[in-house]
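I have placed the structure first, in the form of structure tokens, so that the comments after it can refer back to it.
2 protein chains.
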Amino acid sequence: MNLQPISRRSVPDEVFERLLTEMVEGTLGPGEALPSERKLAEALGVSRPAVREALQRMAQAKLVDVRQGESTTVLDYRKHAGLDLLPRLLMPGGQVDIGVVRSIMEARLHIAPKIAELAAERSGPRLAGDLDAVIAALVAADDPVRRQHRALDFWDVLVEGASSIVFRLMFNGLRAAYLPAVDALTTIMAAEVDRTDAYRALAAAVTAGDARQARDRAVDLLTPATERMFTALRHLEQS
Amino acid sequence: MNLQPISRRSVPDEVFERLLTEMVEGTLGPGEALPSERKLAEALGVSRPAVREALQRMAQAKLVDVRQGESTTVLDYRKHAGLDLLPRLLMPGGQVDIGVVRSIMEARLHIAPKIAELAAERSGPRLAGDLDAVIAALVAADDPVRRQHRALDFWDVLVEGASSIVFRLMFNGLRAAYLPAVDALTTIMAAEVDRTDAYRALAAAVTAGDARQARDRAVDLLTPATERMFTALRHLEQS
DNA sequence: AGAGGTCAAGTGGTATGACCAGTTTCGTGG
DNA sequence: CCACGAAACTGGTCATACCACTTGACCTCT
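Chains A and B, in that order, give the protein sequences.
Numbering-wise, the first sequence is residues 95 to 333 according to the numbering used here.
Numbering-wise, the second sequence is residues 95 to 333 according to the numbering used here.
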């Protein structure tokens with residue numbers, strides 16, 4: 095006996111998902127006008143407050159533009175939406191999107207070393223305790239999935255040490271996108287999270303306050319799995 | 095006659111803002127339990143659907159955790175929220191937050207060159223027309239505020255050319271945070287958007303497909319205003 | 001005393017229907 | 001022909017009732 099990931103999606107969730115799916119698939123194009131709340135409610139067999147809640151959430155995510163008096167129109171999510179849309183794009187229906195994975199990996203490889211650098215500059219030795227603890231948890235984790243979560247905790251400490259609200263929020267968004275896909279990517283990412291020595295080396299550089307070394311060691315830590323992921327994606331694309 | 099900055103904020107907007115303000119100010123700490131929807135509605139003098147809509151939007155932004163049967167609890171926005179929170183943090187009540195500005199500028203300086211690099215690699219000459227058009231609009235703009243908007247359009251083209259959904263969504267989020275503050279930052283940013291030659295040089299490198307040169311010229315374009323902003327912020331901090 | 005079940009109270013989830021407030025449309029009267 | 005305004009949309013708000021879930025107190029049986 096193991097899991098109950100539940101799934102009790104609420105009615106507004108369902109409506110939100112349904113509309114978003116049509117937008118991502120192109121059935122609903124940018125500029126297109128949505129049916130009125132009343133018509134949508136009737137068509138979907140739900141109450142008006144339910145579709146309203148979904149539409150308001152879509153408006154907050156910059157997916158639609160809703161103005162009183164006029165009809166609600168679809169926006170181009172690629173032009174306006176924020177990182178919070180990423181999880182929905184990464185796994186549209188259980189299957190991971192190759193282009194999105196590549197994009198995440200390359201963004202990660204570019205941003206994470208900067209975070210390590212900033213953490214070394216601005217916090218350095220203050221992070222020693224937290225880093226030790228999180229690395230201990232990492233080596234203690236017995237299966238690759240858990241190790242991935244502990245690795246995320248490791249980066250969480252560095253992000254905190256970087257003292258940059260923007261990188262913090264970016265990290266939150268990327269992590270939220272990544273978490274649902276952990277299982278699907280675990281095979282390849284094992285090549286990274288198993289390198290506990292690389293984590294220790296990076297932590298040492300950060301704790302010592304050596305920004306340049308921290309950056310280099312972060313690159314060293316992230317590169318192998320990133321490269322492996324890229325080649326795997328290339329193979330997938332050809333088939 | 096010029097303005098109608100509107101302000102017709104809806105009731106749920108008002109509730110959302112109110113709760114968020116208390117969270118950012120610390121009146122509402124992480125882990126704390128919110129009053130029930132009914133009590134909140136009565137206390138704020140609005141209907142329950144209104145507070146409900148606000149709470150659902152806060153839940154989507156990872157600001158609160160709402161579970162049926164239990165009371166809604168406040169999350170640590172620094173740990174969970176995404177980039178979409180940035181605009182609210184940047185200008186809490188009309189005044190820009192210094193730390194947030196610095197964070198945005200340093201993130202920009204780190205990410206934008208990578209975008210230029212990717213655009214050069216992946217799109218190169220295909221961007222020639224769009225870049226010419228947007229630079230023409232930039233030099234034609236007569237006041238600094240308009241020039242800032244045209245500069246954002248310039249980067250929009252590069253981001254599109256970078257063909258990376260993650261950088262695209264990041265850019266959208268940063269732009270959304272930046273836009274409300276354009277007026278406040280226009281004096282310093284003029285040092286950047288007035289350098290039309292630097293834009294042209296960057297565009298030429300990108301169009302030529304020279305990734306390294308594109309990166310360097312992006313750094314060259316962004317650095318002066320960034321440095322100026324940093325020193326200005328330091329002075330502000332001391333007073 | 002402890003383990004198990006039951007039930008009441010409180011929470012969020014959903015639905016209905018009414019009315020308010022803007023926009024657009026189109027017919028009517030100038 | 002034009003200007004005006006009523007009507008018919010649209011989303012915005014509210015009140016109310018009921019459903020679904022969680023918790024915890026209480027009660028029962030062992």
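By construction, the Cβ of each residue, glycine as well, lies at the ideal position given by its N, Cα and C atoms.
Please read all numbers here as calculations on a predicted model, not as lab measurements.
Under the Cβ criterion of 8 Å, S217 of chain B is not counted among the residues facing chain A. Pairwise C-beta distances place the stretch 281-290 of chain B out of contact with the stretch 189-199 of chain A, as fewer than three of them are shorter than 8 Å. Secondary-structure assignment with DSSP links T167 of chain A through a beta bridge to A:A127, A:D159. Chain A places no beta carbon closer than 8 Å to that of P274 of chain B, leaving this residue out of the contacts. Annotated as distal: L268 of chain A and R322 of chain A, with beta-carbon spacing of 8 Å or more. Judged by DSSP in its simplified three-state form, D107 of chain A adopts helix. Counting only residues of its own chain and dropping the five nearest sequence neighbours on each side, R311 of chain B has a CB closer than 6 Å to the CB of A295, L296, A299. In the DSSP annotation of this structure, S141 of chain A is not part of any alpha helix (DSSP H), being labelled neither H nor E.
Residue burial annotation: V233 of chain A is exposed, with fewer than 16 other C-beta atoms found within 10 angstroms of its C-beta. Contact between the stretch 228-242 of chain A and the stretch 141-160 of chain A is not established, with fewer than three Cβ pairs separated by less than 8 Å. Inter-residue distance for V118 of chain B and R112 of chain B is about 10 Å (C-alpha atoms, whole angstroms).
For the pair of segments examined, the stretch 221-233 of chain B was found to touch the stretch 245-255 of chain B: the number of CB pairs separated by less than 8 Å reaches three. The C-beta of D304 of chain B comes no closer than 8 Å to any C-beta of chain A. Contact residues of the stretch 253-275 of chain B toward chain A are S258, I259, V260, F261, R262, L263, M264, N266, G267, L268, A270 (C-beta to C-beta distance below 8 Å). Exclusion of the five residues before and after E211 of chain A leaves A305, A308, R309 as the residues of its chain whose Cβ lies within less than 6 Å of its Cβ. Secondary structure of S197 of chain B (DSSP, three-state): helix. By alpha-carbon distance to E164 of chain A, the top candidate from A:V253, A:A127, A:H174, A:A144 is A:A127. T290 of chain A carries a helical assignment under DSSP once its states are collapsed to helix, strand and coil.
Taking all protein chains shown into account, H329 of chain B has fewer than 16 neighbouring C-beta atoms within 10 Å of its C-beta and is therefore exposed. DSSP, reduced to helix, strand and coil, places T301 of chain A within a helical segment of the structure shown. Of the residues A:A326, A:M199, A:A292, A:G303, the one whose Cα lies closest to the Cα of L315 of chain A is A:A292. Residue-level contact check: I282 of chain B does not touch chain A, since none of the beta carbons of chain A fall below 8 Å from its beta carbon. Think of a sphere of 8 Å around the beta carbon of H243 of chain A: no beta carbon from chain B falls inside it, the nearest being about 15 Å out. Interface criterion met: the Cβ of Q154 of chain A is under 8 Å from a Cβ in chain B.
Using a CB distance cut-off of 8 Å, L232 of chain A does not count as an interface residue toward chain B. For T115 of chain B, the three-state secondary structure derived from DSSP is helix.
The residue among B:K156, B:V287, B:L138, B:D107 with its C-alpha nearest the C-alpha of K173 of chain B is B:K156. It is roughly 24 Å from the alpha-carbon of I198 of chain A to the alpha-carbon of F110 of chain A. Sequence-distant partners of T320 of chain B (beyond 5 residues in either direction) whose C-beta falls short of 6 Å from its own C-beta, in its chain, are M199, L203. One Cα belongs to P106 of chain A, the other to G218 of chain B, and the distance between them is close to 43 Å.
Per DSSP, Q242 of chain A is one residue of the alpha helix (DSSP H) stretching across 238-256.
For L180 of chain A, the residues of chain B that pass the 8 Å Cβ criterion are I259, V260, L263, in the order they occur in the chain.
Of all residues in the stretch 106-134 of chain B, those with a C-beta nearer than 8 Å to a C-beta of chain A are P106, reading in chain order. Around the beta carbon of K133 of chain B, a 10 Å sphere encloses fewer than 16 other beta carbons of the protein chains shown; the residue is thus reported as exposed.
Close to V194 of chain B, with beta-carbon spacing below 7 Å, are these residues of chain A in chain order: I259. Rounded to whole angstroms, the gap between the alpha carbons of A213 of chain B and A235 of chain A is 40 Å.
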